[in-house]
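Under our numbering, read the sequence shown as residues 2 to 540, first letter to last.
Glycine included, every Cβ here is placed at the ideal spot set by N, Cα and C.
Reading through the structure tokens given below for one structure.
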Amino acid sequence: MNNTATPHPISNRYRFNPHKHVKIWLSKNPDLFLNLENQIRLIQMREQNPKDKIYLVYDSSLLTTSSLEELYLFCQENQFCWYDAHGLKENLHTEFEHRLYEYYLDEITHLSEGGNLAVASDILRWLSPIYRLGSYSDFDYPVNTRMLPGTVEISAPILLNIGSLKLGQKEFILSNNDFIAVADLQAAKPFIEQIQQGLIARLAVYDNDFIERTDAELQEGFINRQILKLLKNRAETYYINRSKEIYPLCSSREVRHYLNQATSNIDNYIIFHQQDHESPGDVVQRLRTQMKQQLTLTKRLFFKKDCQEINYYLRKDDVSFLNYHMKKELDLFLKSVIVCTTGPLQIANSLFGGYIFSTHHFQDYIQSFSFQTYGLQQAFQSLNSIPLQENLFGMLRFLGVDEGTLNDSSWLESGQQLQEGRIRILESKQAELHDTLPLLLQETKAELEHLLMRLNQSMSHSMEYEVVKHALENILRCFQKSSQGVEFNIAAFRTVPQVMTNKKVHEPLQQLRNKLEQFSHQAIIFRIAKNKKINIAQP
């Protein structure tokens, strides 16, 4: 078992500031700085965390002048800071950082030759100009730090999204780089340099040892062997093992370029799979047979959707079958290569020297690097993780979820298709709100005016009535004249104090206020409002 000694000493206390954040988006479309779904997510994050500092990291070399202008306007409207990775080089300090940045440039300038923006993003988050800005989290990662203090005491200089599967006296760690926080720059330096060296090695020459090491660790004990069998029934595990065999002693990008070429059309794909003197028909038949063999009892029990998909395409004609197989295999190969190059498996291997450890070593050392140890998973709400020391059944639930449930995987074709479907729904909702919100606000304004008129006509002159009338007048002042008629000032509305009086007296006002809060939230989230103001329909 790989129970390596602690590579670097850690003290008992560090202070982590959970109120500084980094989001990275490297756009494949030069005319779009950020897709609608991620714009909405980022604005929701601002709404949830109004006082936190949030950085949007981008690369200006990937965007047009007009999309850059849209990015700056978006950031100004929502109080985001922006950071251009294109000028990063002058702020790098070590040889490791300079080498990593060269690999970053290699990725983004060779997108048609195996370069991948997910790999580029993985690299950026381990460079000091980026991790100094705040804690990194993926876009599909809801963040709500309102209940957290200014700093949180932790016992490691770096925090990651780490969970584990408990296997008797062993712990199988699941480390993810969708969250990275550097609490102490100086204390974290040796750990970060370990990770940087590991990334450089895998980017230069692609390889992985995940299967061999898990095989060796899980041979003892019936439960361990069942876990191993389960892992081997995961398509990702199979392709992790295969990925290092297809194009040995080449860089990670070269492997990815080769895979893209091999799956660019059916003829290339058949050649990629051909053995000895097989005919194209022989290749198709063998691929069908291999796919049928994947329908094991374990797969039928725990990966039912995979089985349904396999059975569906096995009934298709050869062209449909090959197109499906080719796209599916490319996704699985790319996913495997990337997680072993700059993703979770490589981070775990670089930082901890393996994937499976004794419970003693895990509890004494490794779990101090997990944000779950400090209860931070309530604020940084990743679905793509398991708890610390999870049991087998929890692990099975985690492994058996449908694609796209835990994270976007928008760097894969399958993930892009799922995201495009969600974006179409959001665009429809945005168009609907654009038409309906002005009318709804006008109706609510009329209701507020009617309520104020009723109160003015009331015979009661109690203090409670006066308080409610004053609040109504303040809210109505948020409907202001503009060059286009009347606009609702959301920022001004949000400064109007809440009224706490007799329920019967203030309830009608509160109901109307709740409606305005909902409309305001929708207007901001879906970018109907401009500078926190929205024009309303006129009667």
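Between the Cα of residue i and the Cα atoms of the options, which residue gives the shortest distance?
{"i": "F489", "options": "V23, Y466, Y240, F520", "result": "F520"}
{"i": "A202", "options": "Y104, E444, S165, F273", "result": "Y104"}
{"i": "I55", "options": "L43, T65, S61", "result": "L43"}
{"i": "L384", "options": "F399, N392, T374", "result": "F399"}
{"i": "N50", "options": "F527, F381, R243", "result": "F381"}
{"i": "V285", "options": "I271, S463, H278", "result": "I271"}
{"i": "A217", "options": "P191, Q458, Y356", "result": "Y356"}
{"i": "L114", "options": "I426, Y259, N79", "result": "The sequence shown places Glu at residue 114, not Leu. Out of I426, Y259, N79, Y259 has the C-alpha closest to the C-alpha of E114."}
{"i": "A447", "options": "Y466, N408, L513", "result": "L513"}
{"i": "H362", "options": "Q291, Q390, L37", "result": "Q390"}
What's the call for residue i, buried or exposed, on a 16-neighbour Cβ count within 10 Å?
{"i": "I537", "result": "buried"}
{"i": "T496", "result": "exposed"}
{"i": "M327", "result": "buried"}
{"i": "M396", "result": "buried"}
{"i": "A530", "result": "buried"}
{"i": "R478", "result": "exposed"}
{"i": "S371", "result": "buried"}
{"i": "N312", "result": "exposed"}
{"i": "I535", "result": "buried"}
{"i": "L35", "result": "buried"}
{"i": "V320", "result": "exposed"}
{"i": "D332", "result": "buried"}
{"i": "D123", "result": "buried"}
{"i": "V58", "result": "buried"}
Contact defined as beta carbons within less than 8 Å: I believe residue i pairs with residue j. What is the distance between those atoms, to the nearest angstrom?
{"i": "L377", "j": "P130", "result": "That pair is no contact at about 24 Å."}
{"i": "A182", "j": "I159", "result": "7 Å"}
{"i": "A86", "j": "D60", "result": "5 Å"}
{"i": "K336", "j": "L288", "result": "Going by Cβ atoms, the distance from K336 to L288 rounds to 19 Å, so no, they are not a contact pair."}
{"i": "F211", "j": "C308", "result": "At roughly 24 Å, the Cβ-Cβ gap does not stay under 8 Å, so F211 and C308 are not in contact."}
{"i": "K533", "j": "I525", "result": "7 Å"}
Which of helix, strand or coil does DSSP assign to residue i?
{"i": "N4", "result": "Bear in mind that the predicted position of N4 carries a pLDDT of just 45, short of 50, making it too unreliable to give a figure here."}
{"i": "Y15", "result": "strand"}
{"i": "H22", "result": "strand"}
{"i": "E70", "result": "helix"}
{"i": "C341", "result": "helix"}
{"i": "Q1", "result": "Because the chain is modelled from 2 through 540, residue 1 falls outside the range shown and cannot be assessed."}
{"i": "I529", "result": "coil"}
{"i": "Q523", "result": "helix"}
{"i": "F381", "result": "strand"}
{"i": "I271", "result": "helix"}
{"i": "S244", "result": "helix"}
{"i": "F494", "result": "helix"}
{"i": "N457", "result": "helix"}
{"i": "S463", "result": "coil"}
Using a Cβ-Cβ distance under 8 Å, would residue i count as near chain C?
{"i": "L331", "result": "Of the protein chains in this structure there is only one, and it is not chain C."}
In terms of DSSP beta bridges, what is residue i paired with?
{"i": "L175", "result": "G164"}
{"i": "S371", "result": "L161"}
{"i": "V183", "result": "I159"}
{"i": "L57", "result": "K24, W83"}
{"i": "S136", "result": "H22"}
{"i": "K430", "result": "BP columns for K430 are empty, so no partner."}
{"i": "E391", "result": "L166"}
{"i": "V487", "result": "K482"}
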